[in-house]
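Quick note on numbering: full-length UniProt numbering labels position 5 of the sequence shown as 5, and the sequence is numbered without any gaps.
Even glycine gets a Cβ: it sits at the ideal position worked out from N, Cα and C.
Bear in mind the structure is a predicted one, so any value in this text is a computation, not a measurement.
To keep things clear, I will list the structure first and then write my remarks on it.
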Amino acid sequence: MNQSNRGFFSSVSPVTLNLIIINVIIWLSQTLFLSRGIDISSYLGLHYYTSDSFYPHQLITYMFLHDPRGITHVLFNMFAVFMFGRTLEMVWGGKRFLFYYILTGLGAGIANMLVMFFRIKYAEMQLSPEMVTDVYVKGATLIEKGLTYNEPAMARLNELLYISNIGCTVGASGAVFGILVAFGMLFPNVELMIIPIPIPIKAKFFVIGYGVIELLLGVWDKAGDNIAHFAHLGGLITGLILVLYWKKTNKKNGRFY
1 MNQSNRGFFS SVSPVTLNLI IINVIIWLSQ TLFLSRGIDI SSYLGLHYYT SDSFYPHQLI
61 TYMFLHDPRG ITHVLFNMFA VFMFGRTLEM VWGGKRFLFY YILTGLGAGI ANMLVMFFRI
121 KYAEMQLSPE MVTDVYVKGA TLIEKGLTYN EPAMARLNEL LYISNIGCTV GASGAVFGIL
181 VAFGMLFPNV ELMIIPIPIP IKAKFFVIGY GVIELLLGVW DKAGDNIAHF AHLGGLITGL
241 ILVLYWKKTN KKNGRFY
């Protein structure tokens, strides 16, 4: 039993293993605290920058939190970190991999904020200055009373402002998408078996397809969809830029990675 345990842990690169352990411990802590009526995501999850609950440290801490109401969120993210992250760490080394993980997660969080910012500004552009002022002054009170505006554009702006004020983003998914794009760029022709796809698919096609799906879902913006699709894309794009930059600089130095 002890020998097999050592064999398993020795097969996982140290930074990858520690990231998984940290995420799982924090998720267990979230679950424990939530059972006692304490939601630590209110302080460590990422809030919109205009929210009273926003603090700069959340741009880092949010990526180590997951949905405490179930195991699926943390399970799938950590499975992806295990499957693809350990390979990247072996290629890059622990320090570069950790830097990449944090930076792509940071890029995802910033992207999520930027998308909300532009959505709010676009909604404001559909209204007169007087109507915008009315929403900012009276909108929160209407929501508290369970009411909304009859004018759809005003209702939409009020909804966005409400979400930006109380909404909270958690999860390592942005960093995971960064890991996926890096794996797809370094090992484009490696074939992956993805459930429920019945045939192997090359890593490059999987990453491209997944990115397109996230873009479409983000643009669709379906009501009740609590997944931060543009945060995923933010992690993917940040990772893409970083890998391309490293490829360029390493070629100049005569190194691959």
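Which listed residue (the options) has its alpha carbon closest to that of residue i
i, options, result
"Ser164", "Leu17, Ala231 and Phe117", "Phe117"
"Gly121", "Phe97, Tyr49, Leu160 and Asn18", "Reading off the sequence shown, one finds Lys at residue 121, where the question assumed Gly. If we check each option's Cα against that of Lys121, Leu160 comes out closest."
"Tyr62", "Ile102, Ala153 and Trp220", "Ile102"
"Gly109", "Trp246, His232, Lys247 and Thr249", "His232"
"Gly174", "Phe54, Ile227 and Met154", "Ile227"
"Leu242", "Ser29, Gly107 and Phe187", "Gly107"
"Thr50", "Leu127, Leu236 and Cys168", "Cys168"
"Leu142", "Pro129, Glu130 and Leu157", "Leu157"
"Leu32", "His47, Asn18, Leu46 and His66", "His66"
"Phe230", "Tyr210, Leu192, Asn150 and Thr133", "Tyr210"
"Val181", "Val212, Ser53, Tyr55 and His57", "Val212"
Where the alpha helix (DSSP H) through residue i begins and ends
i, result
"residue 258", "There is no way to answer for residue 258, as the model of the chain reaches only from 1 to 257."
"Met185", "Ser173 to Leu186"
"Ile21", "Pro14 to Ser35"
"Tyr43", "Ser41 to Leu44"
Residue i, DSSP secondary structure in three states
i, result
"Ile71", "coil"
"Ser199", "One point to set straight first is that residue 199 is Ile, not Ser, in the sequence displayed. If DSSP states are grouped into helix, strand and coil, Ile199 belongs with coil."
"Leu65", "coil"
Beta-carbon separation (whole angstroms), residue i vs residue j, contact threshold 8 angstroms
i, j, result
"Asn112", "Gly234", "6 angstroms"
"Ile179", "Phe84", "5 angstroms"
"Val15", "Gly94", "4 angstroms"
"Ile194", "Phe205", "The Cβ separation is near 10 angstroms, so there is no contact."
Ranges of the alpha helix (DSSP H) found wholly within the region 113 to 170, counting only runs of at least 4
With a minimum length of 4 residues, the continuous alpha helix (DSSP H) runs that stay inside the region 113 to 170 are 129 to 144 and 152 to 166.
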